[in-house]
Amino acid sequence: MKNFISILVLMLLLSCNNDLIEPKNTPTAVFEEASKYIKENYAYLTLKQLNWTTIHNKHKAKIQDNMSEESLFAVCADLMLELKDGHCYLSSKQNSSYYDITQGYYAQPDVSSVLSFITDTKDLSTSNSEIVSGLISTNTSIGYVYFGGFGSIALDGPAWQSIMDNFKSKNVKKIILDIRNNGGGNPQLAQWLCGFFVKTPTVIGSMFQKSGKGQNDFIGPLTLTTQPRQPYLGDVPVILLTNRRSFSAASYLSGMMQALPNVTQMGQITGGGGGGVRPFELPNGWVLGVTANYFLDVQGNHIEEGVSPDVKIENTPQDFAAKKDRMLEAAIAF
Amino acid sequence: MAPPHYPIAGRPTLVALSLSFFLPFLSPAQSADNAPKKGHYIEFGIGYQFQRFKDVRHSSIYRNAGGVSYRLAYRAMNEKRQHVIGINFASTNSNQEFASLISNILGGLYYEHLRKINNHIWLGGYYDLGAFYGNRGGEWANPEDNPTWGAWSSIGVSASLRKNFGNGWSIDPSIRLPLLAYTVRPAYGFPYPESFLQEGRFSFIEEGMTKEVIKSGKFQTLNNFMNLQLSCGLHKGFGNRRHQIGIQYQTGYLFFNGEKPFADWQNQISIISKFNLKK
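Going line by line, the protein sequences match chains A and B.
Sequential numbering of the first sequence, starting at 1117, is according to our numbering.
Sequential numbering of the second sequence, starting at 929, is according to our numbering.
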């Protein structure tokens, strides 16, 4: 019995880890945890040439342990906003802070005006995403799809399958994929969609995944390949219509489609968002999310700061007020 | 800089609590007959579980959660041996204090074999399969990196003691301690296991990833995996003392070591009933 208890005590002493020690809930501790988490997990410190020690020290100088919660939130938010990354965020129960990717751009608040351009309209929206498809009413040989997000393949895939089957059966001569104001979602769907436009497995980009705490600890490049699927529509010209609010998985689709021969991107530069977010809870219960991996297109270009269009055209606030859509008109005429 | 704060599940507390489970056996025996009645028992328990846990992957702090626990077991015993097959399950929710809200489930099934050493003590071993899963909501905007989870399959030693106090009252502390386990936890590159993050394997579509996640597990010993379970029940026999009903307190410490460790301290109080099916 004595030996057993000795072993038990020894074992209990072994099964611990210093990471399990809980930091105090003070402004200094909250700030330090936030900064440490960004330093160890953010994927773009090197790309964006961010000297994190300098940035840390600059904001650390504003921390006082008797500061209010609002002031602390402002300082931590400013720290996070140094990343200039639309995926990163800081949230408390009362407040949240995100980087505004549309700064310096005009991107219309909605694209509902497209409904006046299409006929044979099918609303295939799922619980995941808004998906509207049809034919351009002034030229019914052009197929059109607007989708507001990237849901799961399981939920959105059947809708997409029926859209592509419909385009094939109608023998469309051009397809417009409208991803303006598409805030992103599941990049799996983007990879899956590219399969309708290839005949053989095709590399559409690569990923780098953070694998450790060091600034350059990554696994990669990991090539991303799309598998062909039916119906094949790769011989039909595709116009990918984007604006600055085409973010995250929408930017992934833009980047992936750079690998496909018959695709032209028109509109505005996308909003970027080239990686996946990893959230973390700070000592006071706030949540900090940072990007922990990144995507490169087939040319090895980052998409984090946006994918530039092949043909640049933008709607103005006056166009939006007049319910005019010069971007879509240009895509139809192209 | 403020000193670090040790959680309630600190090492000194854990050691003291483990040793205290043996205290009843320092008192004089109240009854010469400490042998439980042989038979086939169905045991059922329902109670409340309080958890305090931290997943370093997701949080710098310990979170509390409380909820309902269930236990169902079949025990076959004679004068010399016991065989037990059981399942336990708990579902808990965090408080609303912080920006992220957590719902957990923790459960497992086990087989235990005990041999009688003397009138008080039964010793043996067990095999179990278990898992926990924590889902975060609230201000936790990423469904991909949402869950806290881990799974294990372990073998270990177990011991059970029993003392009768007369008039059908008895007390039965027990302990289970894993010695070797196969554990599965998210890799640094979550949601992808290392084997998935290879050239030619990686895909956003994650086909075949479930199999790779299961294969990504590691064999661990005591310093890297812990699932210590201590319990003590106070029971009263009825029905000519063939059956028992009572209250049981159980505490457990679940720990996964690694680059992003996880620790979970469970405290549970249950009403337990044991029905002897043998006439």
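Beta carbons: idealized from backbone N, C-alpha and C, even for Gly.
Predicted, not measured: the structure shown is a model, and the values here were computed from it.
Select from the options the residue whose C-alpha is nearest the C-alpha of residue i.
| i | options | result |
| --- | --- | --- |
| residue 1421/A | 1294/A, 1360/A, 1439/A, 1398/A | 1360/A |
| residue 1001/B | 974/B, 969/B, 1082/B, 982/B | 969/B |
| residue 910/B | 1060/B, 1088/B, 1078/B, 992/B | Lying before the first or after the last residue shown, residue 910/B is absent from chain B, which here runs from 929 to 1207. |
| residue 1308/A | 1432/A, 1318/A, 1343/A, 1329/A | 1343/A |
| residue 1305/A | 1337/A, 1394/A, 1266/A | 1266/A |
| residue 1207/A | 1191/A, 1220/A, 1260/A | 1191/A |
| residue 1154/A | 1423/A, 1133/A, 1437/A, 1394/A | 1394/A |
| residue 1311/A | 1351/A, 1210/A, 1183/A, 1141/A | 1351/A |
| residue 1182/B | 1174/B, 1175/B, 1176/B, 1191/B | 1191/B |
| residue 1222/A | 1328/A, 1158/A, 1297/A, 1253/A | 1297/A |
| residue 1158/B | 1196/B, 1122/B, 1185/B | 1196/B |
| residue 1241/A | 1249/A, 1234/A, 1235/A | 1249/A |
| residue 1194/B | 1203/B, 1178/B, 1188/B | 1178/B |
| residue 1121/B | 1101/B, 1041/B, 1143/B | 1143/B |
| residue 1009/B | 1029/B, 1047/B, 977/B | 1047/B |
| residue 1172/A | 1184/A, 1189/A, 1150/A, 1162/A | 1150/A |
| residue 1259/A | 1398/A, 1168/A, 1236/A | 1236/A |
| residue 1089/A | 1386/A, 1407/A, 1417/A | Residue 1089/A lies beyond the residue range present for chain A, which begins at 1117 and ends at 1450; the question has no answer from this structure. |
| residue 980/B | 1253/A, 1148/A, 1144/A, 1136/A | 1136/A |
| residue 1433/A | 1224/A, 1204/A, 1178/A | 1224/A |
| residue 1418/A | 1355/A, 1134/A, 1364/A | 1364/A |
Quick check on DSSP: helix, strand or coil for residue i?
| i | result |
| --- | --- |
| residue 1282/A | helix |
| residue 1077/B | strand |
| residue 1443/A | helix |
| residue 1203/A | coil |
| residue 1153/A | helix |
| residue 1267/A | coil |
| residue 956/B | Residue confidence is low: residue 956/B scores 42 on pLDDT, short of 50, so the model does not pin down where it sits. No coordinate-derived value is stated. |
| residue 1162/A | coil |
| residue 1141/B | helix |
| residue 1313/A | helix |
| residue 997/B | strand |
| residue 1448/A | helix |
| residue 1302/A | coil |
| residue 1132/B | coil |
| residue 968/B | strand |
| residue 1166/B | strand |
| residue 1194/A | helix |
| residue 1333/A | coil |
| residue 1097/B | strand |
| residue 1232/A | helix |
| residue 1087/B | strand |
| residue 1048/B | coil |
| residue 1028/B | strand |
| residue 1288/A | coil |
| residue 1307/A | helix |
| residue 1146/B | strand |
| residue 1141/A | coil |
| residue 1254/A | coil |
| residue 1363/A | strand |
| residue 1182/A | coil |
Could you tell me which residues DSSP puts in a beta bridge with residue i?
| i | result |
| --- | --- |
| residue 983/B | 1190/B |
| residue 1040/B | 1012/B, 1054/B |
| residue 1328/A | Paired residue(s): none; residue 1328/A is not in a bridge. |
| residue 1226/A | Paired residues: none, contrary to the question. |
| residue 1294/A | 1262/A, 1357/A |
| residue 1133/A | Note: residue 1133/A sits in no beta bridge, so no partner. |
| residue 1374/A | In DSSP, residue 1374/A forms no bridge with anything. |
| residue 1323/A | 1338/A, 1411/A |
| residue 1107/B | Note: residue 1107/B sits in no beta bridge, so no partner. |
List the residues of chain D whose Cβ lies closer than 7 angstroms to the Cβ of residue i, in chain order.
| i | result |
| --- | --- |
| residue 1402/A | Absent here is chain D; the protein component of the structure consists of chains A and B. |
Sufficient close CB pairs (3 or more, under 8 angstroms) joining the stretch 1228 to 1244 of chain A to the stretch 1207 to 1214 of chain A: no
Every unbroken beta strand (DSSP E) within the stretch 1381 to 1440 of chain A, with a cutoff of 3 residues, ordered by chain: 1393 to 1397, 1403 to 1407, 1409 to 1412
At least 3 beta-carbon pairs within less than 8 angstroms: the stretch 1194 to 1201 of chain A vs the stretch 1426 to 1445 of chain A: no
Counting Cβ pairs closer than 8 angstroms, one from the stretch 1088 to 1106 of chain B and one from the stretch 1129 to 1145 of chain B, do we hit at least three? no
Contact between the stretch 1331 to 1348 of chain A and the stretch 1380 to 1398 of chain A (3+ Cβ pairs under 8 angstroms): no
With three or more C-beta pairs closer than 8 angstroms as the rule, is the stretch 1325 to 1339 of chain A touching the stretch 1154 to 1166 of chain A? yes
Inter-stretch contact (C-beta, 8 angstroms, three-pair minimum) for the stretch 1010 to 1027 of chain B and the stretch 991 to 1001 of chain B: yes
Are three or more beta carbon pairs between the stretch 1427 to 1438 of chain A and the stretch 1399 to 1413 of chain A nearer than 8 angstroms? no
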